[in-house]
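Q:
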Amino acid sequence: MTSKIALVTGASRGLGKDSVIALANRGFDIILTYQTKKESADEVVKEIEALGQNAFALHLDISSTAGFNQFVSEVKNLLDTQFSSAKLDALVNNAGIGINESFETTTEETLDAMTNIHFKGPYFLTQKLLPLLNDGSSVVNTSSGLARFSFAGYSAYGAMKAAIDSLSRYQAVELGSRKIRVNSIAPGAIETDFGGGAVRDSAEYNQLISSQTALGRVGLPDDIGSVVAFLCSDDAKWINAQRIEVSGGFRA
């Protein structure tokens, strides 16, 4: 049986890496992207291949739409040459960066960067990839728990993630004629190097989050990847236009 194919952005580490491993365990072949960590991306490719699935890593700077046409051409070439002209069955818009900056001191340049990386980039990358998506495929956009609850210093980041939640619903409506499902996944605080690794490295901050989480701990990368893989699978065929928070019940 031919494997389905998933494209996951920002998958050389963290949640993206765990997502592609979870997808490979569900039988997906993978195209993953990286921006600067080519060696890490190549290691992820090897891990996926060890699971018996095909994997390829491509460079992508999600902050600049100027490179999107070239990237889409590279994806099409991979599909034509490595997958016998197949198309994508899942797209996971995961790439992003964290920022902690007060509303009072956030600059226009910072807000523009957050917009480009977390909203404009996924918006137009998905648009340009539409011809390469199979009818009936799944799109998963990465939001954040910070679109629901608020911490000082995350106004720019949280606002962009709220925009992604809204965009996902509009995409679900407009792409429904092709049976393409679109959902957003909203992780809570996770122990990764995201945002400088504060959740992972600060015992005080880790305990603060844990104390407000119904399950009594912060999240781990493998708490998220399995949910992404589920949403990309046929098991989630009737889930559409939803924001799914995966935070262990933070501030429930």
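Residues 195 to 446 in the numbering used here are what the sequence shown lists, from first letter to last.
Yeah, the Cβ is synthetic: ideal placement off N, Cα and C, and Gly gets one too.
As the structure is a prediction and not an experimental result, all values here were calculated from the model.
(1) Do you know how far the Cα of ASN287 is from the Cα of SER371?
(2) Grouping DSSP H, G and I as helix and E and B as strand, with all else coil, what is ALA244?
(3) Measure from the alpha carbon of GLY330 to the alpha carbon of each residue in SER362, GLY261, SER427 and ASP212, then state which is nearest.
(4) Mind checking LYS431: buried by the 16 CB within 10 Å criterion, or exposed?
(5) If you draw a straight line from the alpha carbon of GLU268 to that of LEU361, how long is it in whole angstroms?
(6) May I have a chain-ordered list of the alpha helix (DSSP H) segments no shorter than 4 residues that lie completely inside the stretch 248 to 296?
(7) Kindly indicate which three-state DSSP category SER331 falls into: helix, strand or coil?
(8) If you follow the beta strand (DSSP E) that ASP429 is in, where does it begin and where does it stop?
(9) Can you tell me which of the three DSSP states PHE345 falls into?
(10) What distance in whole Å lies between the Cβ atoms of ALA200 and LEU217, which are believed to be in contact at a cut-off of 8 angstroms?
(11) Between SER258, ILE291 and SER332, which lies nearest to LEU209 when the distance is taken from Cα to Cα?
(12) Please classify GLY352 as buried or exposed, where buried requires at least 16 neighbouring CB atoms within 10 angstroms.
(13) Taking the beta carbon of ASP236 as the centre, do at least 16 other beta carbons fall within 10 Å, making it buried, or is it exposed?
(14) Look at the Cβ atom of ILE293, then the Cβ atom of ALA350, and state whether they are nearer than 9 angstroms.
(15) Run through DSSP, which three-state label would VAL412 get?
(16) Tell me the rounded alpha-carbon separation between SER441 and ALA423.
(17) Based on Cα-Cα distance, which residue from MET354, LYS281, ARG342 and LEU425 lies nearest to LEU323?
A: This is what the structure holds:
(1) 21 angstroms
(2) helix
(3) SER427
(4) exposed
(5) 26 angstroms
(6) 262 to 276
(7) strand
(8) Counting along the chain, ASP429 falls outside any beta strand (DSSP E), and DSSP gives it neither H nor E.
(9) coil
(10) 5 angstroms
(11) ILE291
(12) buried
(13) exposed
(14) yes
(15) coil
(16) 17 angstroms
(17) LYS281
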